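Engineer:
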């Protein structure tokens with residue numbers, strides 16, 4: 001190749017990179033495209049990658065686009081594009097010498113002794129190796145310390161069943177879903193702890209989706225992808241928390257897809273958690289989402305008031321704290337969102353009682369939760385009303401706002417709509433949207449019905465007054 005040809009080639013690849021950077025996300029470009037080495041051989045553009053995994057990823061996801069761009073930008077001179085593993089000495093940087101893989105660091109110096117850590121706004125960032133800690137199962141996350149109630153009983157029973165039928169297709173993968181702070185991590189780790197207790201040599205791995213990205217990208221930088229794949233695909237039990245956080249991490253999703261399939265093919269058990277039902281994870285690859293539904297999906301709902309009381313009493317007992325039941329009831333009435341907030345409230349009560357040198361009583365609890373009480377007084381929302389009404393009548397929240405018209409759900413629903421209108425000041429259309437997208441006329445009818453029933457039915461009127469006291473207490 002002459003100097004003129006060589007210059008033309010370098011301009012061609014630079015133009016290709018410019019166009020690819022416009023077409024692809026910053027993370028994908030920085031991680032997969034920018035490190036490639038290119039050379040032109042006759043009518044072929046040869047791209048060199050560090051390892052077979054890299055070449056397979058480029059072939060499956062980007063080779064067609066690169067081929068089109070190369071042919072267009074070379075005005076037909078390039079007829080073919082190949083992606084190869086580079087075995088030429090010194091032709092490509094070693095994995096340890098690869099440039100930092102965030103887009104912001106494309107032009108910065110290499111950092112060979114560093115790992116990567118996932119963040120919300122980008123797939124990874126460079127962090128010091130000394131900050132990377134080994135992830136282990138929490139020994140306190142066991143079945144004995146898990147408080148069961150109607151909101152989580154099915155999930156707990158299913159997790160116990162998994163232990164006796166590990167890897168069987170009817171619950172593989174097991175997908176636990178629900179809002180944060182309800183005990184999904186506790187349950188999945190309880191399975192891991194129980195398995196290791198029964199079989200100390202079992203291969204169990206727990207990780208968050210974020211740490212999966214961290215470990216995967218670190219293995220790419222160090223040239224240890226095969227080791228990473230071997231570690232993940234030789235497990236007896238894989239536990240992955242917050243799987244929805246893989247959204248937008250294209251490279252990591254591809255590797256997780258292969259790991260997922262490899263473990264299922266070997267009948268190895270997988271347990272995943274998310275904040276949503278699998279089919280609601282629209283930001284993930286549909287192929288992966290469909291595989292999440294192959295096994296069993298079980299929801300975990302916010303605990304009812306009885307379960308919240310038992311959680312508080314059990315937590316206090318395990319910590320050697322004397323918590324009167326009336327105090328547990330008061331805390332449970334005020335803190336309804338999730339288990340983490342419940343335990344946080346208990347910790348504050350204990351701290352205040354120790355600071356004052358007095359036993360826990362309602363006065364101490366009220367003083368400890370004065371901020372919570374003040375916020376609660378200011379924030380009576382339709383969502384809070386729905387939660388309180390569903391607990392009061394012992395019906396699932398999803399049925400309260402759902403389409404069923406049977407009396408057991410319709411009457412509490414009407415009452416909740418009437419309370420929302422009286423206490424929140426929301427308009428009829430806003431309340432209707434909060435109740436499954438119902439029309440404003442439905443809400444108007446519900447409010448009129450509540451007023452007439454209060455006049456005609458003493459029991460209904462008593463329920464109304466009780467709920468009003470609960471919401472305003």
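In the UniProt record's numbering, the protein residues as written are 1 to 473.
Yeah, the Cβ is synthetic: ideal placement off N, Cα and C, and Gly gets one too.
Since this is a predicted model, take the numbers as computed values, not measurements.
Considering only residues of the same chain and omitting the five flanking positions on each side of residue 340, which have a CB-CB separation below 8 Å?
Structural biologist: One-based indexing of the chain shown puts residue 340 at position 340. Within the same chain, residue 340 has close Cβ partners 180, 181.
Engineer: Nearest CA to the CA of residue 220: which residue from 297, 31, 439, 373?
Structural biologist: Taking the chain shown and counting its residues from 1, the one referred to as residue 220 is at position 220. It is 31.
Engineer: Considering only their Cβ atoms, is the gap separating residue 350 from residue 380 smaller than 8 Å?
Structural biologist: Numbered from its first residue, the chain shown carries residue 380 at position 380. Numbered from its first residue, the chain shown carries residue 350 at position 350. Not in contact: residue 380 and residue 350 (Cβ atoms no closer than 8 Å).
Engineer: Report buried or exposed for residue 417, applying the criterion of at least 16 other Cβ atoms within 10 angstroms of its Cβ.
Structural biologist: Against the chain shown, residue 417 aligns to sequence position 417. Label assigned to residue 417: buried.
Engineer: Between which residues of its own chain and residue 194 is the CB-CB distance below 6 Å, once the five residues before and five after are set aside?
Structural biologist: Here residue 194 is taken as the residue at index 194 of the chain shown, counted from 1. The answer, listed in chain order, is 163.
Engineer: Roughly how many whole angstroms lie between the Cα atoms of residue 172 and residue 235?
Structural biologist: Here residue 172 refers to the residue found at position 172 of the chain shown. Here residue 235 refers to the residue found at position 235 of the chain shown. Whole-angstrom Cα-Cα distance: 14 Å.
Engineer: Using only CA atoms, which one of 243, 382, 352 lies nearest to residue 369?
Structural biologist: Counting from 1 along the chain shown, the entry for residue 369 is found at position 369. That would be 352, whose Cα lies nearest to the Cα of residue 369.
Engineer: On the CB-based measure, 16 or more other CB atoms within 10 Å of its CB, does residue 452 come out buried or exposed?
Structural biologist: The residue labelled residue 452 in the question sits at position 452 within the chain shown. By the 10 Å Cβ count, residue 452 comes out exposed.
Engineer: Run through DSSP, which three-state label would residue 80 get?
Structural biologist: Within the chain shown, the letter at position 80 stands for residue 80. Strand at residue 80.
Engineer: Can you give me the C-alpha to C-alpha distance between residue 286 and residue 360, rounded to a whole angstrom?
Structural biologist: The residue you call residue 286 lines up with position 286 of the chain shown. The residue you call residue 360 lines up with position 360 of the chain shown. Cα to Cα, residue 286 sits roughly 52 Å from residue 360.
Engineer: Measure the alpha-carbon distance for residue 139 versus residue 268 and round it to whole angstroms.
Structural biologist: Residue 139 sits at position 139 when you count from the first residue of the chain shown. Residue 268 sits at position 268 when you count from the first residue of the chain shown. So the two alpha carbons sit approximately 23 Å from each other.
Engineer: Should residue 18 go down as buried or exposed, given a rule of 16 or more other Cβ atoms within 10 Å for buried?
Structural biologist: Mapped onto the chain shown, residue 18 falls at position 18. The residue in question, residue 18, is exposed, as its Cβ has fewer than 16 Cβ neighbours within 10 Å.
Engineer: Can you tell me whether DSSP reads residue 299 as helix, strand or coil?
Structural biologist: For the purposes of this step, residue 299 is taken as the residue at position 299 of the chain shown. In this structure, residue 299 counts as strand in the three-state DSSP scheme.
Engineer: Helix, strand or coil for residue 446? Go by DSSP, reduced to three states.
Structural biologist: Within the chain shown, numbered from 1, the residue matching residue 446 stands at position 446. Helix, per DSSP.
Engineer: So residue 147 and residue 310 are in contact, right, with Cβ under 8 Å, and what is the actual spacing, rounded?
Structural biologist: Taking the chain shown and counting its residues from 1, one reaches residue 147 at position 147. Taking the chain shown and counting its residues from 1, one reaches residue 310 at position 310. Contact holds; Cβ gap of about 5 Å.
Engineer: Considering just the uninterrupted stretch of the beta strand (DSSP E) at residue 266, what are its terminal residues?
Structural biologist: Here residue 266 corresponds to residue number 266 of the chain shown, with the count starting at 1. Run containing residue 266: none; DSSP gives neither H nor E here.
Engineer: If we call anything under 8 Å between Cβ atoms a contact, is residue 251 one with residue 57?
Structural biologist: Your numbering for residue 251 matches position 251 in the chain shown. Your numbering for residue 57 matches position 57 in the chain shown. Their beta carbons are under 8 Å apart, which means residue 251 touches residue 57 by this criterion.
Engineer: Restricting to Cα atoms, I'd like to know which of 204, 427, 459 is closest to residue 232.
Structural biologist: Reading the chain shown from its first residue, position 232 is the one you call residue 232. Nearest C-alpha to residue 232: 204.
Engineer: My understanding is that residue 174 touches residue 295, with C-beta atoms under 8 Å, so please give their C-beta distance in whole angstroms.
Structural biologist: As a working note, residue 174 is residue 174 in the chain shown. As a working note, residue 295 is residue 295 in the chain shown. Their Cβ separation, rounded to whole angstroms, is 6 Å, which keeps residue 174 and residue 295 in contact under 8 Å.
Engineer: Measure the C-alpha to C-alpha separation of residue 460 and residue 237 and round it to an integer number of angstroms.
Structural biologist: Locating residue 460 in the chain shown gives position 460, where the first residue counts as 1. Locating residue 237 in the chain shown gives position 237, where the first residue counts as 1. Using only the alpha carbons, I get a separation of about 51 Å.
Engineer: So for residue 224, helix, strand or coil by DSSP?
Structural biologist: Sequence index remark: in the chain shown, residue 224 carries index 224 (1-based). In the structure shown, residue 224 sits in coil (DSSP, three-state: anything other than H, G, I, E or B).
Engineer: Less than 8 Å between the CB atoms is what I'm expecting for residue 274 and residue 281, so what's the real figure, rounded?
Structural biologist: Indexing the chain shown from 1 puts residue 274 at position 274. Indexing the chain shown from 1 puts residue 281 at position 281. About 7 Å; that satisfies the 8 Å criterion.
Engineer: Among the candidates 435, 178, 155, 55, whose CA atom is the shortest distance from the CA of residue 399?
Structural biologist: Position 399 of the chain shown holds residue 399. With distances taken between Cα atoms, residue 399 lies closest to 435.
Engineer: By how many angstroms is the C-alpha of residue 396 removed from the C-alpha of residue 404?
Structural biologist: Mapped onto the chain shown, residue 404 falls at position 404. Mapped onto the chain shown, residue 396 falls at position 396. Near 12 Å, if we compare the C-alpha coordinates of residue 396 and residue 404.
Engineer: Pick helix, strand or coil for residue 290, following the three-state DSSP scheme.
Structural biologist: Translated into the one-based positions of the chain shown, residue 290 becomes position 290. The answer is helix: DSSP assigns residue 290 an H, G or I state.
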